[in-house]
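In the working numbering, the protein residues as written are 24 to 319.
If you want it as structure tokens, here you go:
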């Protein structure tokens with residue numbers, strides 16, 4: 024059963040929880056695509072100057088017959104392909120879409136979902152070089168921020184609402200100590216740290232998109248529509264009481280534009296944008312960084 028939830032329990036698990044939320048969110052859907060076909064069907068005729076009315080009439084009739092033959096399927100060796108992806112099947116389009124999206128230098132996604140732990144929102148930008156930066160909001164207000172500017176270190180920062188949620192169950196003194204130490208500060212951690220390594224898997228674009236491939240064979244072609252002004256083709260797939268709709272760009276590179284899941288335990292929407300836009304993942308100011316080693 025594919026879900027889009029994340030369990031945020033004790034403070035020491037907050038990084039892996041962030042990873043689980045975003046990775047599971049991406050596992051909600053499947054996606055698909057690749058290069059469009061370059062083949063175009065043409066139908067032209069050259070009409071020269073008629074010498075007589077009879078030859079002109081004959082030419083007109085021949086042209087009309089040629090037009091009719093081209094338009095009629097039974098007389099043609101190849102049927103006219105319809106739609107932006109021609110005669111490709113839903114699974115073929117889905118598989119091409121994920122292939123195209125995997126080759127994107129970078130992208131941004133926005134997630135809004137209802138989970139068993141309450142509402143969840145996320146915004147994450149990532150690229151094929153491993154850089155990523157984003158936010159995750161769990162519940163009404165609690166937000167965590169993540170920055171991975173290189174392959175050495177990662178930085179995490181939590182707002183007060185998030186920290187208080189994580190410190191639930193602790194005595195008042197402990198809660199205040201956590202707030203005093205972490206509020207407004209970025210926690211620095213090596214990417215080789217076992218816990219950080221798990222959470223930072225979400226920065227691997229190809230690995231994340233690889234989770235889409237398992238459901239591609241269920242995709243069925245639907246209607247043409249638009250997403251944020253961009254033309255798209257809908258692909259749907261149903262599993263038990265859950266229906267997932269994929270929106271694939273039909274102009275330019277056929278990237279994923281949106282994934283919508285209705286029904287099931289955790290419905291939600293993921294919208295993709297800013298393909299090819301550089302990821303802003305700068306190291307935070309030194310004065311705002313708290314080395315994780317200092318936490319003991």
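Don't be surprised by glycine CBs; every beta carbon is placed ideally from N, CA and C.
Report the residue from the options whose alpha carbon sits nearest the alpha carbon of residue i.
i, options, result
"residue 141", "160, 149 and 129", "160"
"residue 290", "170, 204 and 135", "135"
"residue 139", "287, 293 and 298", "287"
"residue 122", "254, 218 and 233", "233"
"residue 295", "305, 283 and 311", "283"
Excluding five sequence neighbours on each side, which residues of the same chain lie with their C-beta closer than 7 Å to the C-beta of residue i?
i, result
"residue 197", "190"
"residue 52", "Note that residue 52 scores 31 on pLDDT, short of 50, meaning its location in the model is unreliable; the coordinates nonetheless yield the value given after this. Cβ neighbours of residue 52 beyond the five flanking positions: 235, 267, 269, 282, 284 and 293."
"residue 195", "none"
Short of 6 Å in beta carbon distance, which residues of its chain neighbour residue i, apart from the five on each side in sequence? Order them along the chain.
i, result
"residue 149", "155, 226 and 228"
"residue 167", "41, 159, 181 and 185"
"residue 101", "Confidence at residue 101 is low in this model, with a pLDDT of 43, below 50, so its placement is unreliable and the value that follows should be read with caution. None."
"residue 162", "141"
"residue 246", "257"
Could you tell me the distance, in whole angstroms, from the CA atom of residue i to the CA atom of residue j?
i, j, result
"residue 308", "residue 243", "49 Å"
"residue 186", "residue 165", "8 Å"
"residue 300", "residue 131", "9 Å"
"residue 297", "residue 199", "39 Å"
"residue 143", "residue 183", "17 Å"
"residue 147", "residue 313", "23 Å"
"residue 137", "residue 216", "31 Å"
"residue 255", "residue 145", "23 Å"
"residue 219", "residue 171", "11 Å"
"residue 57", "residue 117", "Note that residue 57 scores a pLDDT of 37, beneath 50, so its modelled location is shaky and nothing firm can be said."
"residue 311", "residue 151", "27 Å"
"residue 281", "residue 106", "19 Å"
"residue 109", "residue 236", "22 Å"
"residue 133", "residue 304", "17 Å"
Residue j and residue i - do their beta-carbons sit closer together than 8 Å?
i, j, result
"residue 214", "residue 264", "no"
"residue 127", "residue 277", "no"
"residue 285", "residue 266", "yes"
"residue 179", "residue 209", "yes"
"residue 124", "residue 223", "no"
"residue 129", "residue 302", "yes"
"residue 176", "residue 211", "yes"
"residue 157", "residue 169", "yes"
For residue i, I'd like the list of residues in its chain whose CB is within less than 8 Å of its CB, leaving aside the five on either flank, ordered along the chain.
i, result
"residue 201", "34, 186, 189, 190 and 193"
"residue 61", "Low local confidence applies: a pLDDT of 41 at residue 61 is under 50, so the model's placement there is unreliable, and no value is given."
Got a sec: is the Cβ-Cβ distance from residue i to anything in chain C below 8 Å?
i, result
"residue 193", "In the displayed structure, chain C is absent; only one protein chain is listed."
Stretch pair the segment 246 to 258 + the segment 268 to 283: three plus CB contacts closer than 8 Å: yes
Three CB pairs or more closer than 8 Å across the segment 254 to 263 and the segment 106 to 113: yes
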